[in-house]
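Following full-length UniProt numbering, the numbering of the sequence shown begins with 1 at its first residue and continues without gaps.
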Amino acid sequence: MTKTRKPLQKYRRVVIKIGSALLVDRATGLKKAWLDAMCADIAALRARGVDVLVVSSGAIALGRTVLKLPAGALKLEESQAAAAVGQIALARAWSESLSTDAIVAGQVLLTLGDTEERRRYLNARATINQLLKLGAVPIINENDTVATTEIRYGDNDRLAARVATMVGADLLVLLSDIDGLYTAPPHLDPDARFLDTIAEITPEIEAMAGGAASELSRGGMRTKIDAGKIATTAGCAMIIASGKPNHPLAAIEDGARSSWFAPSGSPVTARKTWIAGQLLPAGTLSIDAGAEEALRSGKSLLPAGVREVKGTFSRGDTIAILGASGREIARGLAGYDADEARQIAGKKSAEIPAILGYAGRAAMVHRDDLVMTGKRAEEKDGRRDEVHA
Numbered sequence: 001m002t003k004t005r006k007p008l009q010k011y012r013r014v015v016i017k018i019g020s021a022l023l024v025d026r027a028t029g030l031k032k033a034w035l036d037a038m039c040a041d042i043a044a045l046r047a048r049g050v051d052v053l054v055v056s057s058g059a060i061a062l063g064r065t066v067l068k069l070p071a072g073a074l075k076l077e078e079s080q081a082a083a084a085v086g087q088i089a090l091a092r093a094w095s096e097s098l099s100t101d102a103i104v105a106g107q108v109l110l111t112l113g114d115t116e117e118r119r120r121y122l123n124a125r126a127t128i129n130q131l132l133k134l135g136a137v138p139i140i141n142e143n144d145t146v147a148t149t150e151i152r153y154g155d156n157d158r159l160a161a162r163v164a165t166m167v168g169a170d171l172l173v174l175l176s177d178i179d180g181l182y183t184a185p186p187h188l189d190p191d192a193r194f195l196d197t198i199a200e201i202t203p204e205i206e207a208m209a210g211g212a213a214s215e216l217s218r219g220g221m222r223t224k225i226d227a228g229k230i231a232t233t234a235g236c237a238m239i240i241a242s243g244k245p246n247h248p249l250a251a252i253e254d255g256a257r258s259s260w261f262a263p264s265g266s267p268v269t270a271r272k273t274w275i276a277g278q279l280l281p282a283g284t285l286s287i288d289a290g291a292e293e294a295l296r297s298g299k300s301l302l303p304a305g306v307r308e309v310k311g312t313f314s315r316g317d318t319i320a321i322l323g324a325s326g327r328e329i330a331r332g333l334a335g336y337d338a339d340e341a342r343q344i345a346g347k348k349s350a351e352i353p354a355i356l357g358y359a360g361r362a363a364m365v366h367r368d369d370l371v372m373t374g375k376r377a378e379e380k381d382g383r384r385d386e387v388h389a
């Protein structure tokens with residue numbers, strides 16, 4: 001897997017995420033000229049044989065403008081009403097702009113459950129792949145008319161990363177109101193340094209993330225780093241770039257400043273991509289240093305290495321695994337229900353029958369159901385942890 005940035009047209013399948021502030025002006029509504037230029041860029045990529053998918057924010061921002069809702073935070077029901085109105089206008093705008101180059105747009109609205117539940121995930125993937133096969137450009141957004149505050153993505157950065165891994169994209173482009181990753185929020189720290197290339201997302205990189213930059217944005221650099229972790233683990237490169245100029249993709253091609261995140265050299269399998277990218281683990285397992293080393297060498301997680309069990313989960317649910325430092329290092333499918341996991345945590349596998357009353361499984365999380373998601377903070381030489389697929 002290459003660690004060097006290449007031109008956009010050299011990628012096979014590209015997912016482009018567009019922030020609300022790029023598409024919608026708070027006072028005047030849709031930025032039609034910008035959208036037309038963006039669609040021209042998409043047409044140019046498609047003409048070179050690149051599959052293009054768009055994750056487009058803007059429904060709520062556009063809807064609140066149409067409905068003349070006041071500035072500031074909206075109540076849930078106000079957001080859902082704004083989304084209901086704005087999504088119609090947003091879909092029409094994309095369809096009209098793409099049709100200039102004889103491109104058909106297909107609308108796909110997703111909820112968190114569509115990517116977290118395996119069967120729905122596969123169904124959504126099949127629909128999107130069929131749209132691409134038929135030559136359409138999928139325009140994807142979260143279904144904000146039905147999503148609740150508790151059960152939602154809440155930002156399109158992570159949704160875009162999940163879509164990218166779902167369809168096997170090899171590049172994710174996050175267009176926003178900032179031109180890349182800095183060592184600190186540049187609007188707060190004048191000494192913040194720009195980072196052109198990020199070889200891996202370490203704890204130090206995560207610590208550089210700031211918050212949302214405008215009232216139209218629900219994401220920020222924090223969610224972009226989260227998106228990068230999801231995408232790069234699956235072998236998908238990621239670019240963070242400013243979308244403010246017209247023709248933002250052409251600007252990237254012409255050398256405009258942007259941050260490039262290298263894909264993993266050992267991308268996980270399709271099934272493990274789904275596990276690693278889940279946003280809402282049902283629980284956590286805290287493990288000791290010995291168990292952490294065992295996982296990094298490709299072994300299963302045994303009960304003896306588990307120090308604490310949190311959450312309410314069932315066998316087969318996705319759980320996060322925290323290393324000795326307290327940071328997440330892996331995710332996997334639970335081999336036991338939470339109550340049973342608590343009973344056998346810290347015990348040897350041979351003790352399981354006496355504790356539970358049946359033989360059970362030797363592993364708390366089997367290596368075939370586990371994927372490493374975190375990096376050692378002390379690794380400075382660019383060596384990546386092995387991902388065992």
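Idealized CB from N, CA, C, for every residue including glycine. Quantities reported herein were computed from a predicted structural model and do not represent experimental measurements.
Check your understanding: By the 10 Å Cβ neighbour count, where 16 or more other Cβ atoms means buried, how is residue 281 classified, buried or exposed?
Key -> The sequence position of residue 281 within the sequence shown is 281, counting from 1. Under this definition residue 281 is a buried residue.
Check your understanding: What does residue 194 pair with, by DSSP beta-bridge criteria?
Key -> Indexing the sequence shown from 1 puts residue 194 at position 194. Answer by DSSP bridge pairing, in chain order: 182.
Check your understanding: Taking the alpha carbon of residue 92 as the point to measure from, which residue in 106, 346, 101 has its own alpha carbon closest?
Key -> As a position in the sequence shown, residue 92 is number 92, starting the count at 1. Ranking 106, 346, 101 by Cα distance to residue 92 puts 106 first.
Exercise for review: Compute the Euclidean distance between the alpha carbons of residue 322 and residue 254, then round it to the nearest angstrom.
Suggested key: To locate residue 322, count along the sequence shown from 1; it is residue 322. To locate residue 254, count along the sequence shown from 1; it is residue 254. Answer to the nearest angstrom: the Cα atoms are 42 Å apart.
Check your understanding: Comparing alpha-carbon positions, which option in 11, 108, 112 lies nearest residue 126?
Key -> Counted from its first residue, the sequence shown places residue 126 at position 126. When each option's Cα is compared against that of residue 126, the closest is 108.
Practice item. Name the one or two DSSP bridge partners that residue 16 has. Key: The residue given as residue 16 occupies position 16 in the sequence shown. Looking at the DSSP assignment, residue 16 forms a beta bridge with 54, 173.
Practice item. Would you decide whether residue 224 is buried or exposed? Buried here means 16 or more other CB atoms lie within 10 Å of its CB. Key: Your numbering for residue 224 matches position 224 in the sequence shown. Counting Cβ neighbours within 10 Å, residue 224 comes out buried, since at least 16 surround it.
Practice item. Sort out for me which residues DSSP pairs residue 277 with in a bridge. Key: Working through the sequence shown from its first residue, we reach residue 277 at position 277. Residue 277 pairs with nothing; no bridge assigned.
Review point. What are the boundary residues of the beta strand (DSSP E) that residue 332 is part of?
Key: Within the sequence shown, the letter at position 332 stands for residue 332. Taken as a continuous stretch (DSSP letters only), the beta strand (DSSP E) holding residue 332 covers 328-333.
Review point. Relative to the ligand HEM, is the shortest distance from any of its heavy atoms to the C-beta of residue 166 smaller than 7 Å?
Key: You won't find the ligand HEM in this model; it holds no ligand whatsoever.
Check your understanding: Does the beta-carbon of residue 313 have 16 or more other beta-carbons within 10 angstroms, so that it is buried, or is it exposed?
Key -> Walking along the sequence shown from the start, residue 313 turns up at place 313. Burial call: buried.
Point to revise | Cutoff 7 Å; reference residue 217; Cβ partners in own chain excluding five residues on either side | key: Counting from 1 along the sequence shown, the entry for residue 217 is found at position 217. Confidence at residue 217 is low in this model, with a pLDDT of 37, below 50, so its placement is unreliable and the value that follows should be read with caution. Same-chain partners within the cutoff: 19, 20, 21.
Point to revise | Three-way DSSP call (helix, strand, coil) for residue 307 in this model | key: Counted from its first residue, the sequence shown places residue 307 at position 307. The answer is strand: DSSP assigns residue 307 an E or B state.
Review point. Could you give the C-beta distance for residue 174 and residue 192, rounded to a whole number, given that I count them as a contact under 8 Å?
Key: Here residue 174 refers to the residue found at position 174 of the sequence shown. Here residue 192 refers to the residue found at position 192 of the sequence shown. That pair is no contact at about 18 Å.
Exercise for review: Quick one: grab the DSSP three-state call for residue 99.
Suggested key: By 1-based counting over the sequence shown, the position of residue 99 is 99. The answer is helix: DSSP assigns residue 99 an H, G or I state.
Exercise for review: Sort 90, 60, 130 by Cα distance to residue 76 and report the nearest one.
Suggested key: By one-based count along the sequence shown, residue 76 stands at place 76. The shortest Cα separation from residue 76 among 90, 60, 130 belongs to 60.
Point to revise | Integer Cβ distance of residue 237 from residue 262, believed to fall under 8 Å | key: What you label residue 237 is simply residue 237 of the sequence shown in a count that begins at 1. What you label residue 262 is simply residue 262 of the sequence shown in a count that begins at 1. Confirmed, about 6 Å.
**Study point:** Close-in-space but distant-in-sequence residues of the same chain around residue 320 (CB under 7 Å, 5 per side omitted)
**Key:** Residue 320 sits at position 320 when you count from the first residue of the sequence shown. Once the five neighbours on either side are set aside, the close Cβ partners of residue 320 are 281, 284, 328, 331.
Check your understanding: Taking buried to mean at least 16 other C-beta atoms within 10 Å of its own C-beta, is residue 292 buried or exposed?
Key -> In the sequence shown, the residue the question calls residue 292 occupies position 292. Result: buried.
Practice item. For residue 246, name the three-state secondary structure that DSSP assigns. Key: The residue labelled residue 246 in the question sits at position 246 within the sequence shown. It is coil, neither helix nor strand.
Practice item. Express the C-alpha separation of residue 340 and residue 357 in angstroms, rounding to a whole number. Key: Your numbering for residue 357 matches position 357 in the sequence shown. Your numbering for residue 340 matches position 340 in the sequence shown. Put simply, the backbone Cα of residue 357 is about 11 Å away from that of residue 340.
Review point. Helix, strand or coil: how does DSSP classify residue 393 here?
Key: The displayed coordinates of the chain run from 1 to 389. Any statement about residue 393 would go beyond what the structure contains.
Practice item. Figure out for me which residue from 184, 260, 316, 13 has the closest Cα to the Cα of residue 227. Key: Within the sequence shown, residue 227 is the residue found at index 227, counting from 1. It is 260 whose Cα lies nearest to the Cα of residue 227.
Check your understanding: Hey, out of 178, 189, 138, 176, whose CA is closest to residue 164's CA?
Key -> Taking the sequence shown and counting its residues from 1, one reaches residue 164 at position 164. When each option's Cα is compared against that of residue 164, the closest is 138.
Exercise for review: Between the Cα of residue 128 and those of 26, 168, 102, 101, spot the shortest distance and give me the residue it belongs to.
Suggested key: Here the question's residue 128 lines up with position 128 in the sequence shown. The shortest C-alpha separation from residue 128 is found at 168.
Practice item. Could you give the DSSP three-state label for residue 400: helix, strand or coil? Key: What is shown of the chain runs 1 to 389, which leaves residue 400 out entirely.
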